[in-house]
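For the record, the sequence lines run as chains A and B. Take 36 as the starting number for the first sequence in this note's numbering and just add one per residue. Take 42 as the starting number for the second sequence in this note's numbering and just add one per residue. The beta-carbon is built from N, C-alpha and C at its ideal position, and this holds for glycine as well. Notes for the one structure printed next.
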Amino acid sequence: MARTGPAERPLSPHLQIYKPSITMVMSILHRITGAALFFGTLLLVIALVALASGSSAYGTVQAIYGSFLGKLVLFGYSWALFHHMCGGIRHFVWDTGAGLERGTRMKLAWGTLVASLGLTILAFVAYLAG
Amino acid sequence: MSQESSTSLRTPLGRVRGLGAAKSGTDHFWKSRVTAVANVPLTIAFVVIILMLSKRDYAGAVKLVGQPLVAILLLLFIGSATYHMRLGMQVIIEDYVHSEGKKIALLMLNTFFAIAVGLASAYAILKIGFAG
Numbered sequence: 036m037a038r039t040g041p042a043e044r045p046l047s048p049h050l051q052i053y054k055p056s057i058t059m060v061m062s063i064l065h066r067i068t069g070a071a072l073f074f075g076t077l078l079l080v081i082a083l084v085a086l087a088s089g090s091s092a093y094g095t096v097q098a099i100y101g102s103f104l105g106k107l108v109l110f111g112y113s114w115a116l117f118h119h120m121c122g123g124i125r126h127f128v129w130d131t132g133a134g135l136e137r138g139t140r141m142k143l144a145w146g147t148l149v150a151s152l153g154l155t156i157l158a159f160v161a162y163l164a165g
Numbered sequence: 042m043s044q045e046s047s048t049s050l051r052t053p054l055g056r057v058r059g060l061g062a063a064k065s066g067t068d069h070f071w072k073s074r075v076t077a078v079a080n081v082p083l084t085i086a087f088v089v090i091i092l093m094l095s096k097r098d099y100a101g102a103v104k105l106v107g108q109p110l111v112a113i114l115l116l117l118f119i120g121s122a123t124y125h126m127r128l129g130m131q132v133i134i135e136d137y138v139h140s141e142g143k144k145i146a147l148l149m150l151n152t153f154f155a156i157a158v159g160l161a162s163a164y165a166i167l168k169i170g171f172a173g
């Protein structure tokens with residue numbers, strides 16, 4: 036007899052029962068930053084279409100993006116971008132089968148965070164220095 | 042008819058629904074990695090271009106984006122990034138949305154969004170480039 040729905044079977048324990056670890060937090064952040072970047076592409080397409088549309092449209096975008104809130108969002112976007120990039124590089128290492136030992140993977144996880152924050156600050160300093 | 046013989050252990054319902062191996066192997070994983078590798082240098086180029094743009098007025102911005110090298114780097118970034126984000130969002134949807142209808146609708150929206158963002162950006166860059 037063919038079953039018609041999902042089987043009633045025990046499910047594996049999920050996130051909430053585990054003590055948070057840095058590798059787990061970085062994994063979650065990788066997905067969250069990825070999803071944020073998905074929607075963040077709207078910031079880019081709006082700016083590009085405004086630039087192609089003319090000076091008044093671009094002026095409006097510049098005013099919004101240049102406001103305090105706009106800068107805050109762009110700062111967050113740049114961190115998400117760098118964090119997802121660094122997390123991706125970590126995944127390349129893992130894809131080769133390397134870096135999965137406990138000590139190494141902890142270092143890689145912390146390294147991802149330190150590198151992403153460092154790059155974000157570097158970009159911000161470059162922006163301020165002009 | 043499928044290749045499965047009448048002695049197959051698959052249930053008729055399973056066969057009708059087409060459940061089982063998707064026969065796509067590591068295709069999704071591989072495309073995700075290829076675009077990810079491309080995204081690393083392209084993201085760095087993108088950030089540098091945005092930093093340069095932030096210091097320019099309208100005329101200066103049009104001139105910068107109109108430069109062939111800048112336009113090509115932006116186009117490559119847009120192409121690789123939108124492809125990559127479509128693959129990633131697909132996994133997120135498949136992980137969290139279990140209602141079949143909702144899932145299919147969201148997967149379609151995902152594709153529409155990625156293509157719309159990619160095409161609109163590419164059109165804007167090309168318009169600026171070819172106008173100059």
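Three or more Cβ pairs closer than 8 Å define a contact, and the region 105-123 of chain B meets that threshold against the region 73-89 of chain B. For D68 (chain B), the enclosing alpha helix (DSSP H) stretches over residues D68 to S95. Under the 10 Å beta carbon count, H49 (chain A) is surrounded by fewer than 16 other beta carbons and is classified as exposed.
Three or more Cβ pairs closer than 8 Å define a contact, and the region 104-111 of chain A falls short of that threshold against the region 155-164 of chain B. When C-beta atoms of the region 142-153 of chain B are compared with those of the region 74-86 of chain A, fewer than three pairs fall below 8 Å, so the two segments do not count as touching. Here the region 81-90 of chain A makes no contact with the region 116-128 of chain A; the two share fewer than three CB pairs at distances below 8 Å.
With respect to chain B, the C-beta atom of S90 (chain A) has a partner C-beta closer than 8 Å. For a Cβ distance threshold of 7 Å, nothing in chain A lies close to L150 (chain B): the least Cβ distance comes to about 11 Å. Taking a C-beta distance under 8 Å as the contact criterion, Y164 (chain B) and S90 (chain A) do not qualify as a contact pair. The beta-carbon of S49 (chain B) is placed no less than 8 Å from the nearest beta-carbon of chain A. Interface flag for S121 (chain B) against chain A is unset, since no Cβ pair is found closer than 8 Å. Interface with chain B (8 Å Cβ-Cβ cutoff): F73 (chain A) is included. Residue state for T58 (chain A) is assigned as helix, using DSSP reduced to three classes. Under the Cβ distance rule, A144 (chain A) does not count among the residues neighbouring chain B, no pair being separated by less than 8 Å. Distances from the alpha-carbon of G159 (chain B) to those of B:E141, B:Y124 and B:V132 put B:Y124 closest.
For Y124 (chain B), the enclosing alpha helix (DSSP H) starts and ends at P109 to Y137. Below the 7 Å Cβ cutoff, chain A contributes L79, V80 and L83 as neighbours of S162 (chain B), in chain order.
Where G111 (chain A) is concerned, the enclosing alpha helix (DSSP H) starts and stops at F103 to D130. If you compare the alpha carbons of A:A115, A:M59 and A:S88 with that of A161 (chain B), the shortest gap goes to A:S88. Within the same chain, and ignoring the five residues on either side of I134 (chain B) in sequence, the residues whose Cβ sits closer than 8 Å to its Cβ are K144, L147, L148 and N151.
In this structure, L92 (chain B) lies near Y162 (chain A), with their beta-carbon atoms less than 8 Å apart. For L110 (chain B), the closest of B:K64, B:R97 and B:V89 by C-alpha to C-alpha distance is B:V89. Counting only the Cα atoms, V106 (chain B) lies some 7 Å from I169 (chain B). DSSP, read as helix, strand or coil, puts T52 (chain B) in coil.
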